[in-house]
Amino acid sequence: MNTHPTTSPRDPELDTVCDLYLTLPVQHDPATVLSTLPDILQIESVTALRLCCDTAPETTFMTQLTALLHPHNVALILAPTSTILLPSLPLDKIDGLHLPSSHELKALSNIHSTKRNNLQIGCSCTTLDDAMHAGEHGADYVAFPAEETLAITQWSFMAELPSVADSVTNQETAQEAIDAGADFLGIPLTLDGQDLARISTLQTLLT
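Residue numbers (the numbering used here): 3 to 209.
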């Protein structure tokens with residue numbers, strides 16, 4: 003199994019302890035997103051972008067977003083706030099899905115198998131039991147809150163599925179997640195003009 007939810011192999015000379023997994027909140031301005039990302043995508047350890055949504059994203063925005071991400075081998079992961087949205091999502095235009103909990107993975111059984119097999123599937127977990135349930139129901143990765151370092155450590159020893167330490171906002175939390183064995187640092191984008199500086203600072207911990 004590919005431990006990196008990317009669209010194609012990363013540079014083999016890039017040796018980092020984990021990758022960066024960016025997250026866009028539900029409320030975001032598409033124009034600001036599109037102007038913010040180009041500089042951030044120059045950072046090679048960025049391998050995925052989770053787009054949270056409470057409605058189906060606009061087609062034009064999705065096209066513009068993938069045109070930015072894919073040349074840098076960065077996967078586009080849609081994260082609907084509810085599985086009710088699944089039928090309306092452009093599954094053939096994305097690289098993966100992130101669901102709110104492991105118990106919602108069963109909703110994917112209604113998705114045509116070909117579409118599902120082409121997607122990286124992940125979900126948010128709060129406990130090891132959640133993560134094990136996710137693995138048993140087809141998840142390709144699991145995401146724990148970054149502060150749950152014990153769960154991340156235990157998971158890294160007992161399971162092959164990669165883990166994301168979600169909501170990493172500073173160096174201290176990032177270092178703790180790295181030490182715990184996280185495969186990805188989940189970094190929320192704030193679109194305040196400071197994202198590049200924050201991510202560049204966190205990037206220094208990865209080599």
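Here a beta-carbon is modelled for each residue, glycine too, at the ideal position from N, C-alpha and C.
Tell me which residues share the same chain as residue i and place their Cβ nearer than 7 Å to its Cβ, disregarding the 5 neighbours each side in the sequence.
| i | result |
| --- | --- |
| F63 | P32 |
| V28 | C54, C55, D56 and T83 |
| I180 | V19, C20 and L207 |
Look up residue i in the DSSP assignment and say whether it is helix, strand or coil.
| i | result |
| --- | --- |
| S204 | Residue identity check: residue 204 is Leu in the sequence provided, not Ser. Note: L204 maps to helix in three-state DSSP. |
| D94 | helix |
| H100 | strand |
| D132 | helix |
| A141 | coil |
| A184 | coil |
| A179 | helix |
| L71 | helix |
| T25 | strand |
| L51 | strand |
Within the same chain, show all residues whose beta-carbon is closer than 6 Å to that of residue i, passing over the 5 residues directly before and after it, in chain order.
| i | result |
| --- | --- |
| L208 | T18, V19 and S47 |
| L121 | G98 and L99 |
| D132 | S104 |
| T155 | A182 and G183 |
Would you tell me roughly how many angstroms separate the C-alpha atoms of residue i and residue j, rounded to the nearest one?
| i | j | result |
| --- | --- | --- |
| H74 | L26 | 18 Å |
| S84 | H72 | 26 Å |
| T128 | T65 | 33 Å |
| F186 | A145 | 9 Å |
| L36 | L51 | 13 Å |
| A77 | Q177 | 24 Å |
| C55 | L87 | 9 Å |
| L93 | Y143 | 18 Å |
| I42 | Q205 | 11 Å |
| D197 | L24 | 10 Å |
| T49 | I123 | 15 Å |
What is the C-beta distance between residue i and residue j, in whole angstroms, given that I count them as a contact (C-beta under 8 Å)?
| i | j | result |
| --- | --- | --- |
| P190 | T171 | 7 Å |
| T151 | Q173 | No, T151 and Q173 are not in contact; Cβ-Cβ is about 15 Å, not under 8 Å. |
Using a Cβ-Cβ cut-off of 8 Å (strictly less than) and excluding sequence neighbours within five positions of residue i, which residues of its own chain qualify?
| i | result |
| --- | --- |
| G137 | V144, A161 and L163 |
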